[in-house]
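Chemist: Residue numbers (our numbering), protein chains in the order written: chain D, 197 to 551; chain W, 197 to 551; chain L, 197 to 551; chain X, 197 to 551. For every residue, glycine included, the Cβ atom is placed at its ideal position computed from N, Cα and C. Note that the coordinates shown come from a computational prediction; the quantities given were computed from them, not determined experimentally. Quick one: the structure is below, and I'll ask about it shortly.
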């Protein structure tokens, strides 16, 4: 029933509000005896951090996590819950003062107030803020590192910005990762440039634009997941729909007719494989040993510079508001690593469960 | 960690295999003192039942549930776990004998064998069979009945068969239900006829065809759900991806740009409403009091009459197989009530939790 | 939040009411490919069954479970949820008619009515009835069988009836099982005779008597359990306090002073052992490889033949009632196998979790 | 499956190691809009703090929690997870250096090493340390405060030190709290003095002594809890056995014979009550509206000044060790508030669940 916990044997609990003293996470069940590769974690978290380029908000965050527990004197994981804290700073709380009592369309302002009442800490979106994806990425980085040691790779790319789509990867033998060429991970550089123009166009009009992230996972053993509610799709979906602004999710690339959608089996190097991979590596909720992949749809960020119609919740009068502050015109580029992090957490959990 | 349980305070556990003695479910936490409306349940379950028309398998099932516990001597729910059992019959196990050791493409045959070993009861797909959606519909019917008494309506329609799409409903003030006009619930009768032709075309070629179901829920209070992993999208997704053949899920009808996707607030009859409903009634994972709606994508049923390439798992030789038996050329029409059932179970659970 | 489910990876859900059509259980997560030893199960369940001797109720039950799912055509577990149903019969519902609206002291009659309202099926205690320990024993028998194959033995004895105590077993090297000498498992035959006299004395006066069951588990690996709320004591306690009439639980035989309670370590056959075993094989919530043992206290059965003071819940008048029917004057002898079953379920769950 | 989380709707997750940077807790589901009474919390936590008198370790801890999230700008709970951190200091890690590789009898040193390997941070007991009961008390204080506003009081006293027992409270109409007379909460001052002598006697011999805490809860509504594994005894037991050094638990004061153990019903002021309260306010796992009470047994603290036999885990040789440092000769006085905290957390969870 917890809103901020995900996973069972490997469990991650997020905490914090956007403008409170700190955000962070507690990780339970991470295996003991692991060395923390801080370079890897810093690089992974930097992919999500804002303020690094033209496509994202100029707000800068240090986002250096402090580890409060879970490491021994030698810096190895020790089996205790691993807690990391990121102090909030540079929050410019004045940006949102105007919003008191006037919910921003597309944000959680109204629904949060219904659920929590007037005590809700709405500054910067409170606990709904995408800022909590920073500790999610910290936890995901550790999970990813552990999985990579087992030969399991997770890599996502920007599949779509507005109506501009990236090139399709090879779904049977994808070349991972997609993001080594820079901070804007795409397969086709040309399409990447067109996407950036799409973002710039939205920004110049004070608008925002949505898109999609596609994520691949290779090296998974066959047999992971289960029938019905234990299916890998369902397990991943709970984590992925937890990411702010996610509204859709699709596994594989389903074809219209069974004759083209069914993936024929073959034997390759003595192992069972499929010739195509429309099912996205999952049959009956269980991995078949082929690459797992899925696409996550993000809505356009609701923070836009244009005036919008809203209401005064206290006076119940209609009104107009303009959202202040600087915001990403598109969350998709920064969300690529968040999708990887969420997938890594779920997969590590399942692997530790032996499920 | 359970594959066959869904929900927390209202929890449904499915059991059974396609060709075992029986299938059924245990429902925990259903409120005591409720009268069971058997006409409603029978009618609801009949919508899922096979063999009733040209678009579904001619296999007939009685599917009359026997209640083993949970009712008192007067037939009211008594607070004890409510257990319903449906005996299997008319199973023609010979249909699948040929499949021993040769996995059918697109089915769980291979992945189930990896997970459970040779003891897996593969007849009819075992516990992966869509037949277990019958007890799911039984549980969903009870949940739906309870919710309707609270003014909450759940109704789905066939949104797409192959490339033929139904008309779009009004997402702000939808007219529910969609299915009173017959067993093929669509908004546009013309599009419905085109869909039937699409199914018939697939069948005549020994092929199958996929599609989509769209589900609406009206009457929900604002404030249901939560941030991050407690979001209503994530809760529903776990149940919906548990339905066999589901590969995709999308909430609302996300628009490309923030300026068109944000739903402006207004006051109507003294209540906060939105002028449009692109967010599908959910903001920050929490209901805003507008209709909730989502679309569920179903892959084409993998059982097709054409010869397909597969492998012998024992000899590890490639081979060809032809799936015997009679199968639905399209699961979507029968899946409409299954989607409603899954949604009803999750919503009742959240409402009983006060979440 | 489920009242009738226990375990996580291996999960058992009980269902049924005392006088409904049937009771039973669903077992999820039991390993596939296991042969069911029906002789073992029948013998184990017979130890709990009533009506077999002078110390228990003359009410006879067939208690033959029918398996509805979870076995393949060869009778091996197949990985699907394993469901067993026991039909109710010989229920003599007239016995309790007098009790309508007048709660029996010591039973759940009053509290159940507060929780479930008038629809509660109070016949025979409804879902509170100890009759649901029959399917618990079925599940426990399967778990016990699986554990014994791994060298893990679980055996309990009657530790106390009233004020008559059994002899103390060797807690470092106990000789298991205790019950091969008959249906009244004790270590000291003399004390066993004194216990039977205690039960007979209570019965002859229309009274009942409480007692205790002590349970030993040998062959457990060191390292099972965890700190704080993951401790083995807490895991076992949730199952053991779920058994009707249990009011107390103690692990090991705690001594007054640290100098006598601490178990000194030694090396035996190259392995770490302790010279004494006051901690009951658990330190910091984790097994240390020594025998685990604990004592479960049962209150005297509340069904006694003497007149008792109670109230009319409808008229809110005080009144007197006499409980009709035949009842165990002492539940302890039949509870010995129930304690073993509950322990077996929890231990199998932990072992499958790798915890 | 989490070792450090307890509760469902109100969930508390502990974190930290004894000698790591910090310990703390995350509380999910605490109601929004509550004012934090810091005086109450400080006073409650002070009851657990060490170093305040002759019966406890002279080690002083500031134990001032810093709140990182969960409060709004006005200091009210805002609905976000409430995170509190207590920095570690005054840890004198040299005390335990000698213990590397030589497990202290009665502690978790050996079992932790089996479970976590050599990376386990054994300084001060790592995550097994009773120091983590400080954040548990912080969470418990908030829960207690909330419950007291609803008229629910929780109060415990020292029931036994060694063989010295406190006087018995009135179990039908207990006078709460027991602890207003000082830091050593007992009902009988004379027995309290005898208990202190017992502790002093153990200390003077370099020994330790065990005891018991009895806890009462008044003002609970009837109907809280459930049958079988949903019983209040089982819910409380999981939290209480999570407290370090707890080995036993008993609800009510069970009498030998049914005729004396059954609590007769009566009508008082128009309400159903019982004349006696041997069942401890719980029947069939559900509260009956009478005071709930239970006794928790604590083993003597394993840290004693006498030489003890142990083993070198690396060389697998037997050896002798002497535990350095200053330790409580008896944990019971400080554990009184910890028992109250654990009970408060579980009860708040159940009440928020509406269970």
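1) Using CA coordinates, which residue listed in D:463, D:535, D:538, D:366 is at the minimum distance from residue 508 (chain W)?
2) Counting pairs of Cβ atoms below 8 Å between the stretch 205-215 of chain W and the stretch 362-369 of chain D, do you hit three or more?
3) Just reading off the beta strand (DSSP E) that residue 174 (chain D) is part of, what are its end residues?
4) Determine, for residue 365 (chain D), whether the minimum Cβ-Cβ distance to residues of chain W falls below 8 Å.
5) Any C-beta of chain L sitting closer than 8 Å to the C-beta of residue 550 (chain D)?
6) So, under 8 Å CB-CB, residue 407 (chain X) and residue 354 (chain X) are touching, yes? Tell me the CB distance rounded to an integer number of Å.
7) What are the partner residues of residue 282 (chain L), as DSSP defines its beta bridges?
8) By the DSSP assignment, the beta strand (DSSP E) with residue 443 (chain W) in it spans what residues?
9) Listing by chain order, which chain L residues have their CB less than 9 Å from the CB of residue 317 (chain X)?
10) My output table needs one value for residue 329 (chain D): the three-state DSSP class, helix, strand or coil.
11) Distance, Cα to Cα, residue 522 (chain D) vs residue 403 (chain D)?
12) Here's a check: name, in chain order, each residue in its chain whose Cβ is nearer than 8 Å to the Cβ of residue 299 (chain L), leaving out the five neighbours to either side.
13) Is there a Cβ of chain D sitting closer than 8 Å to that of residue 307 (chain X), yes or no?
14) Buried or exposed: residue 339 (chain L), going by 16 or more other Cβ atoms within 10 Å of its Cβ?
15) Rounded to a whole number of angstroms, what is the C-alpha to C-alpha distance between residue 481 (chain L) and residue 548 (chain L)?
16) Where does the unbroken beta strand (DSSP E) through residue 209 (chain W) begin, and where does it stop?
17) State the Cα-Cα distance for the pair residue 485 (chain W) and residue 240 (chain D), rounded to the nearest angstrom.
18) How about residue 494 (chain W) and residue 447 (chain W): do their beta carbons lie closer than 8 Å?
19) So the alpha helix (DSSP H) residue 455 (chain W) belongs to, where does it begin and stop?
20) Can you find the residues in the same chain that come closer than 7 Å, C-beta to C-beta, to residue 272 (chain W), ignoring five residues on each side of it along the sequence?
21) So which residues of chain L does residue 199 (chain X) contact, with C-beta pairs closer than 7 Å?
22) Enumerate in chain order the residues of its own chain whose CB-to-CB distance from residue 546 (chain D) is below 8 Å, with the five nearest sequence positions on each side excluded.
23) For residue 425 (chain L), which of helix, strand or coil comes out of DSSP?
24) I need the straight-line Cα distance from residue 342 (chain W) to residue 325 (chain W), nearest angstrom please.
25) Got a sec: is the Cβ-Cβ distance from residue 534 (chain L) to anything in chain X below 8 Å?
26) Hey, out of D:399, D:278, D:415, whose CA is closest to residue 349 (chain D)'s CA?
27) Which same chain residues, not among the five before or five after residue 500 (chain L), have their C-beta less than 7 Å away from its C-beta?
28) Tell me the rounded alpha-carbon separation between residue 334 (chain L) and residue 443 (chain W).
29) How long is the line joining the alpha carbons of residue 542 (chain W) and residue 436 (chain W), rounded to whole angstroms?
30) Residues in the same chain with beta-carbon distance under 7 Å from residue 275 (chain W), minus the five sequence neighbours each way, listed in chain order, please.
31) Looking at the ligand ATP, does it come within less than 7 Å of residue 372 (chain L), judged from the CB to the closest heavy atom?
32) Is residue 217 (chain X) closer than 8 Å to residue 265 (chain D) when the C-beta atoms are compared?
33) What in chain X is Cβ-close to residue 444 (chain L), meaning under 8 Å?
34) Kindly list, in the order they appear in chain L, the residues whose Cβ is closer than 9 Å to that of residue 205 (chain W).
35) Looking at the strands, I want to know which residues DSSP matches up with residue 352 (chain L).
Modeler: Checking against the coordinates, here is how it stands:
1) By 1-based counting over the second chain, the position of residue 508 (chain W) is 312. Per the Cα distances, D:463.
2) No, the stretch 205-215 of chain W does not touch the stretch 362-369 of chain D.
3) Because chain D here runs from 197 to 551, residue 174 (chain D) falls outside it and cannot be looked at.
4) Numbered from its first residue, the first chain carries residue 365 (chain D) at position 169. No, no contact with chain W.
5) Locating residue 550 (chain D) in the first chain gives position 354, counting from the first residue. True, the Cβ-Cβ gap to chain L drops below 8 Å.
6) Residue numbering aside, residue 407 (chain X) sits at position 211 when the fourth chain is read from its first letter. Residue numbering aside, residue 354 (chain X) sits at position 158 when the fourth chain is read from its first letter. Right, their Cβ atoms sit about 7 Å apart.
7) Looking up residue 282 (chain L) in the third chain gives position 86. Beta-bridge partners of residue 282 (chain L) (DSSP): L:219.
8) In the second chain, counting from the first residue as 1, residue 443 (chain W) sits at position 247. It spans 442-447 - the beta strand (DSSP E) in which residue 443 (chain W) sits, taken as one unbroken run.
9) As a first step, residue 317 (chain X) is located in the fourth chain; it is residue number 121 there, counting from the start. Within chain L, no C-beta atom comes nearer than 9 Å to that of residue 317 (chain X); the closest sits roughly 12 Å away.
10) Taking the first chain and counting its residues from 1, the one referred to as residue 329 (chain D) is at position 133. Annotated three-state conformation of residue 329 (chain D) is helix, per DSSP.
11) Within the first chain, the letter at position 326 stands for residue 522 (chain D). Within the first chain, the letter at position 207 stands for residue 403 (chain D). Computed Cα separation, rounded: 12 Å.
12) Position 103 of the third chain, counted from the start, is the residue given in the question as residue 299 (chain L). Answer for residue 299 (chain L): 305, 306, 309, 506, 507, 509, listed in chain order.
13) Taking the fourth chain and counting its residues from 1, the one referred to as residue 307 (chain X) is at position 111. Not closer than 8 Å to any Cβ of chain D, the Cβ of residue 307 (chain X) fails to qualify, so no.
14) What you label residue 339 (chain L) is simply residue 143 of the third chain in a count that begins at 1. Per the 10 Å Cβ criterion, buried.
15) Here residue 481 (chain L) refers to the residue found at position 285 when the third chain is read from its first residue. Here residue 548 (chain L) refers to the residue found at position 352 when the third chain is read from its first residue. Whole-angstrom Cα-Cα distance: 18 Å.
16) Here residue 209 (chain W) refers to the residue found at position 13 of the second chain. Run containing residue 209 (chain W): 207-212, per the beta strand (DSSP E) assignment.
17) Translated into the one-based positions of the second chain, residue 485 (chain W) becomes position 289. Translated into the one-based positions of the first chain, residue 240 (chain D) becomes position 44. Each residue's alpha carbon lies about 38 Å from the other.
18) Position 298 of the second chain, counted from the start, is the residue given in the question as residue 494 (chain W). Position 251 of the second chain, counted from the start, is the residue given in the question as residue 447 (chain W). No; because the gap between Cβ atoms is not below 8 Å, this pair is not in contact.
19) Locating residue 455 (chain W) in the second chain gives position 259, counting from the first residue. Residues 454-457.
20) Position 76 of the second chain holds residue 272 (chain W). Here the set comprises 229, 230, 231.
21) Along the fourth chain, one-based indexing puts residue 199 (chain X) at 3. The contacting residues are 422, 423, 424, 425, 426.
22) Counting from one through the first chain, the residue named residue 546 (chain D) turns up at place 350. Once the five neighbours on either side are set aside, the close Cβ partners of residue 546 (chain D) are 420, 421, 428, 431.
23) To locate residue 425 (chain L), count along the third chain from 1; it is residue 229. Helix.
24) Within the second chain, numbered from 1, the residue matching residue 342 (chain W) stands at position 146. Within the second chain, numbered from 1, the residue matching residue 325 (chain W) stands at position 129. Rounded to the nearest whole angstrom, the C-alpha separation of residue 342 (chain W) and residue 325 (chain W) is 28 Å.
25) On the third chain, position 338 is the one that residue 534 (chain L) refers to. Not closer than 8 Å to any Cβ of chain X, the Cβ of residue 534 (chain L) fails to qualify, so no.
26) Translated into the one-based positions of the first chain, residue 349 (chain D) becomes position 153. Closest in C-alpha terms to residue 349 (chain D), from the list D:399, D:278, D:415, comes D:415.
27) Numbered from its first residue, the third chain carries residue 500 (chain L) at position 304. Within the same chain, residue 500 (chain L) has close Cβ partners 402, 403, 404, 519.
28) For this step, residue 334 (chain L) is matched to residue 138 along the third chain. For this step, residue 443 (chain W) is matched to residue 247 along the second chain. Going from the Cα of residue 334 (chain L) to the Cα of residue 443 (chain W) covers about 38 Å.
29) Numbered from 1 along the second chain, position 346 holds the residue referred to as residue 542 (chain W). Numbered from 1 along the second chain, position 240 holds the residue referred to as residue 436 (chain W). Counting only the Cα atoms, residue 436 (chain W) lies some 10 Å from residue 542 (chain W).
30) For the purposes of this step, residue 275 (chain W) is taken as the residue at position 79 of the second chain. Once the five neighbours on either side are set aside, the close Cβ partners of residue 275 (chain W) are 228.
31) In the structure on display, the ligand ATP does not appear, and there are no ligands present to speak of.
32) Residue numbering aside, residue 265 (chain D) sits at position 69 when the first chain is read from its first letter. Residue numbering aside, residue 217 (chain X) sits at position 21 when the fourth chain is read from its first letter. Going by C-beta atoms, residue 265 (chain D) is nearer than 8 Å to residue 217 (chain X).
33) Taking the first residue of the third chain as position 1, residue 444 (chain L) is located at position 248. Going along chain X in sequence order, the residues near residue 444 (chain L) (Cβ under 8 Å) are 444, 445, 446, 447, 450.
34) Stepping through the second chain from its first residue, residue 205 (chain W) is reached at position 9. Correct list: 197, 198.
35) Position 156 of the third chain, counting from 1, holds the residue named residue 352 (chain L). According to DSSP, residue 352 (chain L) bridges with L:411.
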